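So the structure is just underneath, and the comments pick up after that.
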């Protein structure tokens, strides 16, 4: 019989930050502040799981956001626009990230039961290592720890969403 030896969980929205509000709020603020574009929570949420810079590209690639951008600027968006929004996103995210590290109800009890069965806890995230350098110790202080963490910085292609 096969035995489960490890589970792998995401961070924001799965283990901590119920609702993924740290990145959502940062995306909304970055698009508004940097480009004067009001995107919706639905638009900001749809590409969740991607590397954050790819997330911005995905939002800009949405037909309604693309049309809004072209209407405002009279041109298509380009890599410089993506980088501008990303810098603003990072600023807003790093300012608030530590405030969104509460474990989701039931997570700590679940991982404790799994560990009691000899199952290790792995994790992956769309957050970069620098972002996780804020999230991981703050979550650990609230009781959530993992045995291994893989960020998009650790893999050659970043993080893909399937």
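In our numbering, the protein residues as written are 231 to 392.
The C-beta atom is built at its ideal place from N, Cα and C for all residues, glycine as well.
Small disclaimer: the values here were computed from a predicted structure and weren't measured.
In the DSSP annotation of this structure, residue 325 is not part of any beta strand (DSSP E); the continuous alpha helix (DSSP H) holding it starts and ends at 309-326. Residue state for residue 378 is assigned as strand, using DSSP reduced to three classes.
Between the alpha carbons of residue 258 and residue 274 lies a gap of roughly 7 Å.
Classified as exposed, residue 346 has fewer than 16 neighbouring CB atoms from the shown chains inside 10 Å of its CB. The beta carbon of residue 248 sits closer than 8 Å to the beta carbons of 332, 334 and 335 from its chain, once the five residues preceding and following it are set aside; these are given in chain order. Each residue's CA atom was taken as its position, placing residue 319 and residue 232 some 43 Å apart.
Residue pairing of residue 239 in beta bridges, as defined by DSSP: 353.
Excluding residues up to 5 positions away in sequence, 353 lie with their Cβ nearer than 6 Å to the Cβ of residue 379 in the same chain. Of the candidates 381, 361, 285 and 375, 375 places its Cα closest to the Cα of residue 339. With a cutoff of 8 Å on beta-carbon distance, residue 252 and residue 326 are scored as near each other. In the three-state DSSP reduction, residue 246 falls in the strand class (E or B). Inter-segment contact for the segment 290-310 and the segment 354-370 is absent: fewer than three beta-carbon pairs are separated by less than 8 Å. Close CB contacts of residue 314 within its chain, under the 6 Å cut and outside five residues either way in sequence, are with 264 (chain order).
Residue range 251-265 is occupied by the alpha helix (DSSP H) that includes residue 264.
Separation of residue 344 and residue 351 (C-alpha to C-alpha, rounded to the nearest whole angstrom) is 8 Å.
Partner residues in the beta bridge of residue 333, as assigned by DSSP, are 246.
Note that the C-beta distance between residue 364 and residue 324 is below 8 Å.
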